[in-house]
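Once you know that position 218 of the sequence shown is 218 in UniProt numbering, the rest is easy, because the numbers rise by one and skip nothing. Where a beta carbon is used, it is the ideal one built from N, C-alpha and C, also for glycine.
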Amino acid sequence: MEIKKSPQADLRRTIPLSLAIGFVLALGILYTALEWTSTKDDSADETTALNIADMEDALIINEQQEEQPEPEPEAPQEVVEVALPEEFKVVDDNKEVAKISIVSVDQDRELPPPPVIVQPVQTVEEPEDQIFEIVENPAVPPMGDIPSMLKWIANHIEYPQSALDNNIQGKVVLRFVVEKDGSIGDVIVARKVDPALDKEAIRVLKSMPKWTPGKQRGKPVRSYFTLPIAFTIG
1 MEIKKSPQAD LRRTIPLSLA IGFVLALGIL YTALEWTSTK DDSADETTAL
51 NIADMEDALI INEQQEEQPE PEPEAPQEVV EVALPEEFKV VDDNKEVAKI
101 SIVSVDQDRE LPPPPVIVQP VQTVEEPEDQ IFEIVENPAV PPMGDIPSML
151 KWIANHIEYP QSALDNNIQG KVVLRFVVEK DGSIGDVIVA RKVDPALDKE
201 AIRVLKSMPK WTPGKQRGKP VRSYFTLPIA FTIG
């Protein structure tokens with residue numbers, strides 16, 4: 001029995017082949033289109049890069065070609081003429097000038113002594129009423145020295161009864177002036193203890209004989225003296 005092929009069966013076999021060929025053609029066209037687009041973009045990028053480089057070169061050239069400002073002309077310097085005094089005037093080189101020669105000095109020859117200048121001595125006069133704190137020769141008590149004077153005071157002093165009754169004791173300090181004639185003046189109590197003791201100390205001091213006054217440059221002067229008198233109950 002003869003088997004007959006259907007035309008529809010042959011058509012089904014040819015369809016996949018045609019479809020494959022069409023798919024291959026489509027891929028080829030798509031690849032070609034992509035290659036052309038990529039080439040165009042690269043060319044555009046290269047052109048843009050060239051344009052930017054050209055612009056930078058142009059900017060650099062323009063910056064270098066900028067005109068530099070011309071330097072300002074220097075102001076003319078003023079020339080000041082200085083007039084030389086007579087002793088500094090320039091001497092003509094052709095004019096003869098007197099020359100000074102140095103003469104040696106004989107060292108063995110005796111020279112005259114230099115003149116002696118005597119300065120006048122100014123004498124300072126002290127005021128007549130000046131009272132000295134320190135003098136060249138201090139005043140001396142009539143007993144000859146301080147210990148003898150203190151012994152004389154102890155023998156001549158009278159302890160006030162009011163001070164004894166109240167058991168008052170202490171040291172009275174007197175300050176006074178020994179005058180030029182040796183008398184005692186300007187007595188003050190520099191350190192007080194009790195009115196009765198202060199009064200008795202002044203009385204004993206004024207009852208002393210005259211002192212030997214202090215001297216300054218060999219002349220009697222007024223001078224201060226300080227005397228402590230101790231009152232003690234033994």
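- Under the 8 Å Cβ criterion, the region 180-189 does not count as touching the region 154-165, having fewer than three qualifying pairs.
- Spatial neighbours of residue 29 in its own chain (CB-CB distance under 6 Å, excluding positions within 5 residues in sequence) are not present.
- Where residue 161 is concerned, the enclosing alpha helix (DSSP H) starts and stops at 161-165.
- For the 9 Å CB-CB criterion, residue 130 and residue 203 do not form a contact.
- Put simply, the backbone Cα of residue 187 is about 10 Å away from that of residue 225.
- When the beta-carbon positions are compared, residue 212 and residue 140 come within less than 9 Å of each other.
- The straight-line gap separating the alpha-carbon atoms of residue 193 and residue 128 is approximately 35 Å.
- Residue 160 and residue 196 have their alpha carbons spaced roughly 6 Å apart.
- At least 9 Å separates the beta-carbon of residue 191 from that of residue 177.
- Annotation: the continuous beta strand (DSSP E) that includes residue 222 extends over 219-231.
- Boundaries of the alpha helix (DSSP H) around residue 198: 195-206.
- With a cutoff of 9 Å on beta-carbon distance, residue 209 and residue 171 are scored as not near each other.
- Residue 144 has its alpha-carbon roughly 36 Å from the corresponding atom of residue 166.
- The C-beta distance from residue 234 to residue 137 rounds to 37 Å, too long to meet the 8 Å contact threshold.
- DSSP places residue 192 outside any beta strand (DSSP E), giving it a letter other than H or E.
- Per DSSP, reduced to three states, the secondary structure at residue 215 is strand.
- Burial is judged here by how many other beta carbons sit within 10 angstroms of a residue's own beta carbon; residue 200 has at least 16 and is buried.
- Take residue 168, set aside five residues on each side of it, and the residues of its chain with a beta-carbon closer than 6 Å to its own are 194, in chain order.
- Beta-bridge pairing by DSSP links residue 174 to 189, 227.
- Buried is the label assigned to residue 135, since at least 16 other Cβ atoms lie within 10 Å of its Cβ.
- In this structure, the alpha-carbon of residue 34 lies about 11 Å from that of residue 27.
- In the three-state reduction of the DSSP assignment, residue 157 falls in the coil class, being assigned neither a helical nor a strand state.
- The residue from 132, 24, 149, 22 with its alpha-carbon nearest to that of residue 205 is 149.
- Assigned with DSSP and collapsed to three states, residue 24 falls in helix.
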